[in-house]
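Residue numbering for the sequence shown follows the numbering used here, beginning at 271 and increasing consecutively.
Below: one structure, written as structure tokens.
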Amino acid sequence: MPMKLFKCDETIPEREKHIYIKEKGEDTTQFLPSAHVETIPGSLSERGCSYCGAKLVIGGVLKDTIQLIHGPVGCAYDTWHTKRYPSDNGNFQLKYVWSSDMKEQHVVFGGEKLLKKAMLEAFAEFPDIKRMMVYTTCSTALIGDDIKPVVKEVEKELGDVDIFTVECPGFAGVSQSKGHHVFNMGWMTDKVGTYEPEITSPYTINVIGDYNIQGDTFVMEKYMEKMGIQIIAHFTGNGTYDSLRGMHRAQLNVTNCARSAGYIANELKKKYGIPRIDVDTWGFDYAKEGLRKIGAFFGIEDRAEAVIAEEVAKYESKLAWYKERLTDKKVCIWTGGPRLWHWTKALEDDLGMHVVAMSSKFGHQEDFEKVIARGEEGTIYIDDGNELEFFEVLEMVKPDLVLTGPRVGALVKKLHLPYVNGHGYHNGPYMGFEGAVNMARDMYNAIYSPLMKLAKDDIRGEQNKTVIPEENRKLKESKVQQSKSIDITSTEAMPTAVNYAAVESSDLDTQPLLIPDNQPLPQRQQIGGKISAFLEQLPKYLGSFSTEYQMPIICFATIITATIAVKIILAVLDVINEIPQLNLVFELTGIGYLIWFVFRYLFKASTRQELAAQISFIQKEIVEGQDS
Ligand code: CFM
């Protein structure tokens with residue numbers, strides 16, 4: 271039976287339907303794990319919400335659009351600049367997010383007025399930006415705020431703005447996948463066809479389902495430019511609002527992430543008859559295949575071949591260097607869904623690795639069909655995996671590397687397993703030929719990092735937690751072993767690779783705290799060392815002395831200053847007393863002031879009250895001043 275119930279799932283046996291192990295001779299017509307269904311209560315799901323699928327994955331990527339989230343501020347904050355999609359205009363989309371900042375009283379009395387105010391404020395703050403997306407969230411959807419009329423009002427009032435409404439609250443579907451769907455369909459019905467792009471090439475395409483993770487889009491754009499192909503719209507990596515309104519003018523839709531954006535490609539075909547081809551843009555062989563498909567569509571195969579030849583010449587030997595070191599390494603891929611089928615065969619064919627377990631957060635059954643068809647026998651496929659299953663599967667497959675997000679990555683690192691960010695990447699782009707090399711480099715760096723070995727050693731001593739000679743010995747031993755296992759110098763050093771062997775042999779030697787010298791030093795050197803250490807520490811000692819004795823120092827200084835001041839005043843008075851007639855002038859001044867004071871403050875009841883108020887104010891100032 272290929273379906274597997276993990277030990278950790280004994281109390282939720284329904285999980286068996288979601289975990290599949292591919293066996294010899296089976297195909298996906300016989301078994302498929304259950305996918306794209308509600309998470310079973312009790313399972314610690316890693317999924318995101320529907321709103322997040324619309325905002326964080328698709329809409330938030332646009333580089334010229336105000337993203338206004340109608341809801342409590344957390345919905346905006348948690349989907350803001352946690353994904354690494356740069357742009358060529360200074361990363362406007364990563365810097366800002368807007369929220370209507372719903373509070374309890376708006377939940378009770380409605381938040382539409384608040385939304386309008388927030389929209390007007392946002393446009394006023396950024397007068398050059400004329401495009402906006404407004405999203406509903408769980409709280410504003412539950413109270414029934416009707417945001418479309420508010421959007422119409424603002425558009426009418428301001429005249430020159432265009433706003434897209436995304437009504438996809440978090441609870442709308444079983445995962446973020448619902449958000450992709452709502453965004454795609456909404457954009458198609460509301461915005462596609464409302465803008466006419468300028469056509470500059472006889473070959474035009476839309477690139478669909480690529481979000482410029484760490485520059486992926488820039489790689490794709492470079493290839494298309496070399497082939498003389500105009501990208502009308504990039505849905506949505508480095509994209510602009512208006513370019514996406516002109517998607518109906520492309521001759522071909524090139525779809526990369528079919529899961530998040532296959533919907534709009536299908537709709538464009540239905541409504542405008544634009545054909546769709548699907549490509550895998552990660553991996554060497556897939557990149558070649560993708561470019562050939564696009565070239566063949568337009569009859570410009572020679573241009574595709576020219577780009578392939580140029581890129582292969584540049585990157586093939588680098589990939590080969592990593593392949594030698596990554597062959598037979600076991601990998602787990604735990605991401606959203608599509609990257610499972612994009613990557614499994616690419617890692618196996620390009621680098622000789624084995625993908626031994628995969629988990630998809632929100633993939634549909636068609637994603638599992640693709641990945642199981644492409645995956646190896648014996649591989650474990652999990653739908654909507656939970657944290658305990660991750661622990662159990664790691665025990666089962668003992669991988670050399672896990673490709674996953676930072677959240678699960680933190681868990682993986684605590685188990686001292688190498689991890690590479692499979693969502694936002696470590697040092698991308700990962701797309702295309704250069705991307706394949708970058709990805710291989712990051713995997714190599716993770717697997718061969720000496721940190722992993724050091725992390726396994728507990729360097730605390732038995733009696734105290736400082737480094738003791740026994741630990742030093744262990745460290746030195748492990749250092750020698752690492753030097754043996756990573757012989758990076760035997761081959762041409764990769765220009766982009768972090769040379770860990772070099773770091774390890776030079777830096778560790780110069781770290782006195784890690785490797786102290788236990789041999790006694792000659793006495794003169796010891797004394798010299800102590801003096802120089804004292805001088806080095808002197809500024810620090812002085813700093814800590816003044817911090818520790820701050821109050822007594824202040825008191826002492828105050829007493830000295832006050833004594834000196836009294837002495838000076840007395841001396842001045844002595845001198846003044848000796849000047850004839852000056853006494854009389856002072857006495858007359860005093861009497862004059864007394865008369866003025868009595869008339870100003872004591873004569874009438876109202877001025878007496880004023881005086882009392884002033885006195886109590888001064889008292890309060892003094893008391894509160896002492897409190898703070
Ligand atoms: Fe498509 Fe994506 Fe992915 Fe995705 Fe995502 Fe993503 Fe992903 Mo993270 S659009 S489905 S919703 S390829 S954010 S850029 S990496 S889970 S597998």
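The C-beta atom is built at its ideal place from N, Cα and C for all residues, glycine as well.
Remark: the shortest separation between the CB of isoleucine 483 and any heavy atom of the ligand CFM falls under 8 Å. Residue state for tryptophan 552 is assigned as strand, using DSSP reduced to three classes.
Counting only heavy atoms of the ligand CFM, the residues whose C-beta sits closer than 5 Å to one of them are, along the chain, Val327, Tyr481, Cys527, Arg529, Ser530, Thr605, Gly606, Pro608, Arg609 and His693. Here alanine 520 carries a coil assignment [DSSP, helix/strand/coil]. Contact between valine 549 and asparagine 526 holds: their C-beta atoms lie close to 6 Å from each other, under 8 Å. For glutamate 581, same chain residues with a beta-carbon under 6 Å away, outside a window of 5 residues either side, are Phe703 in chain order. Between threonine 406 and valine 436, the gap from beta carbon to beta carbon is short of 9 Å. Contact between glycine 463 and phenylalanine 505 does not hold, since the beta-carbon distance rounds to 15 Å and is not under 8 Å. As computed with DSSP, threonine 407 is found in no beta bridge at all. The Cβ-Cβ distance between isoleucine 547 and leucine 538 does not fall below 9 Å.
Proximity of the segment 463-472 to the segment 333-341 falls short of the contact definition, fewer than three beta-carbon pairs being nearer than 8 Å. Counting C-beta atoms within 10 angstroms of its own C-beta, leucine 522 has 16 or more neighbours from the protein chains shown and is therefore classed as buried.
Contact check for isoleucine 328 against tyrosine 481 passes: the beta carbons are separated by less than 9 Å.
For aspartate 637, there is no enclosing beta strand (DSSP E); the enclosing alpha helix (DSSP H) covers residues 635-644.
By the Cβ rule, the segment 616-629 counts as touching the segment 640-651, because three or more pairs are nearer than 8 Å.
By the neighbour-count definition (other C-beta atoms within 10 Å, threshold 16), phenylalanine 660 is a buried residue. The three-state reading of DSSP puts serine 629 in strand, counting E and B together.
By the neighbour-count criterion, in which 16 or more other beta carbons inside 10 Å mark a residue as buried, cysteine 319 falls on the buried side. With a threshold of 16 other beta carbon atoms within 10 Å, aspartate 415 meets it and is buried.
For asparagine 476, the enclosing beta strand (DSSP E) covers residues 474-480.
Annotation for alanine 442: no alpha helix (DSSP H) segment contains it, and DSSP assigns it neither H nor E. Judged by DSSP secondary structure, cysteine 825 falls within the alpha helix (DSSP H) whose first and last residues are 820-847.
Excluding the 5 residues flanking it on each side, glycine 341 has same chain C-beta neighbours closer than 6 Å at Met372, Thr407, Ser409 and Thr410, in chain order.
Counting only the Cα atoms, cysteine 438 lies some 11 Å from methionine 455.
For asparagine 691, the enclosing beta strand (DSSP E) has its first and last residue at 689-691.
Its Cα nearest to that of serine 369, the residue Met389 stands out among Lys383, Met389, His376 and Arg354.
Here DSSP, grouped into helix, strand and coil, assigns lysine 294 to coil.
In this structure, isoleucine 603 and leucine 681 do not form a Cβ contact; the two beta carbons are roughly 15 Å apart against a cut-off of 8 Å.
For tyrosine 651, there is no enclosing alpha helix (DSSP H); the enclosing beta strand (DSSP E) has its first and last residue at 650-653. Lysine 461: not part of any alpha helix (DSSP H); DSSP gives it neither H nor E. Exclusion of the five residues before and after alanine 566 leaves Ala574 as the residues of its chain whose Cβ lies within less than 8 Å of its Cβ.
If you look at glutamine 337, you'll find it isn't in any alpha helix (DSSP H); it sits in the beta strand (DSSP E) that goes 336-340. Lysine 874: not part of any alpha helix (DSSP H); DSSP gives it neither H nor E. In the three-state reduction of the DSSP assignment, arginine 515 falls in the helix class. The segment 300-319 makes contact with the segment 651-671: 3 or more CB pairs, one atom from each, lie closer than 8 Å.
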